[in-house]
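**Student:** I'd like to ask some things about the structure below.
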Amino acid sequence: YERRYFHIGDPVDGLVRLDGLLDAEGGATLRTALQPFMKPVKDDARNYGQRTVDALMELCRQGGSGSRRDGAGPRPQLIIRASLDTLAGIKGAPAGELDGGSTVPAETVQRYACDSAISRITGQAELEHELNHASRTLPAPTRRALEARDRHCVFPGCTRPLSWCDGHHLVWWTRGGATALPNLAMLCRPHHRMVHEESWMLERTKDGHWKAKPPLHRVPANARSA
């Protein structure tokens, strides 16, 4: 028991190594907590290890939501510093910066901006006292209406529950899209990442169905699920 430890390494090439030892009780507790998030979905291409780490990340994200199963409660706070050019997706804009100095791609910054609180800091004085807050977190009435409409992740073939999902702007608000129901969709974190970081396109047809279009070099959406 005294040998137990957990170490989180520093980012290297965009990856962080985890290492640790748990006693038998701790290991069983962690395994039990991860199990609800481990189930593969239809056409799931992830291996066991990838499903495990995704489950751990989802457990951490939902840990800040209290007892709210719909994911609408307060979430763990992740601070990313980024320029307006990065948020707007301007070519050549710098990466976002995490606490500790590591960086994340501009596409990741834009994904988080879909459903997060944004603080605009325009001068050195505001580093000490934030002014001019502009929130892009979905308003509670809008989120309730969106959840009632979508019910789960809307990416074709995916039925991950609302507790896994973020509100996604079809036309990103950094490009002028409105935070309004016709411009929103519920996406689980893996598929939200595919839209932003992997350049998949998501659209809602006139009859209310959802279509996902992959980049030219990728397989069709109905043949793949994250």
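For the sequence shown, the numbering used here assigns the number 674 to the initial residue and increments by one for each residue that follows.
Yeah, the Cβ is synthetic: ideal placement off N, Cα and C, and Gly gets one too.
Does the stretch 816-831 come within contact of the stretch 857-871, defined as at least 3 CB pairs closer than 8 Å?
**Tutor:** The stretch 816-831 vs the stretch 857-871: in contact.
**Student:** Where do the N-terminal and C-terminal ends of the alpha helix (DSSP H) with residue 730 fall, by residue?
**Tutor:** Where residue 730 is concerned, the enclosing alpha helix (DSSP H) stretches over 721-735.
**Student:** Looking at residue 835 and residue 820, is the spacing between their C-beta atoms short of 9 Å?
**Tutor:** Contact: yes.
**Student:** Please classify residue 674: does DSSP put it in a helix, a strand, or coil?
**Tutor:** Residue 674 falls in the coil class under three-state DSSP.
**Student:** Only counting the same chain, and skipping five residues up and downstream in sequence, which positions put a Cβ closer than 6 Å to that of residue 755?
**Tutor:** Once the five neighbours on either side are set aside, the close Cβ partners of residue 755 are 769, 782.
**Student:** Taking 9 Å as the cut-off, decide whether the C-beta atoms of residue 771 and residue 788 are in contact.
**Tutor:** No; because the gap between Cβ atoms is not below 9 Å, this pair is not in contact.
**Student:** Counting only the same chain and skipping the five closest in sequence on each side, list residues whose C-beta sits under 8 Å from that of residue 682.
**Tutor:** Same-chain partners within the cutoff: 689, 690, 691, 692.
**Student:** Between residue 616 and residue 695, what straight-line distance do the alpha-carbon atoms span, to the nearest angstrom?
**Tutor:** Summary: the structure shown does not reach residue 616, with the chain confined to residues 674 through 899, and so no result is reported for it.
**Student:** Could you tell me the alpha carbon to alpha carbon distance between residue 726 and residue 763, rounded to whole angstroms?
**Tutor:** For residue 726 and residue 763, the distance between alpha carbons rounds to 32 Å.
**Student:** Helix, strand or coil for residue 868? Go by DSSP, reduced to three states.
**Tutor:** It is helical.
**Student:** Who are the near neighbours of residue 777 in its chain, counting only those whose CB is closer than 7 Å to its CB and skipping five residues on each side?
**Tutor:** Excluding sequence neighbours, residue 777 sits near 753, 768, 769, 771.
**Student:** What three-state label does DSSP hand residue 758 in the structure shown?
**Tutor:** Residue state, collapsed to three classes: helix.
**Student:** Could you tell me the alpha carbon to alpha carbon distance between residue 684 and residue 880, rounded to whole angstroms?
**Tutor:** Rounded to the nearest angstrom, the two C-alpha atoms are 45 Å apart.
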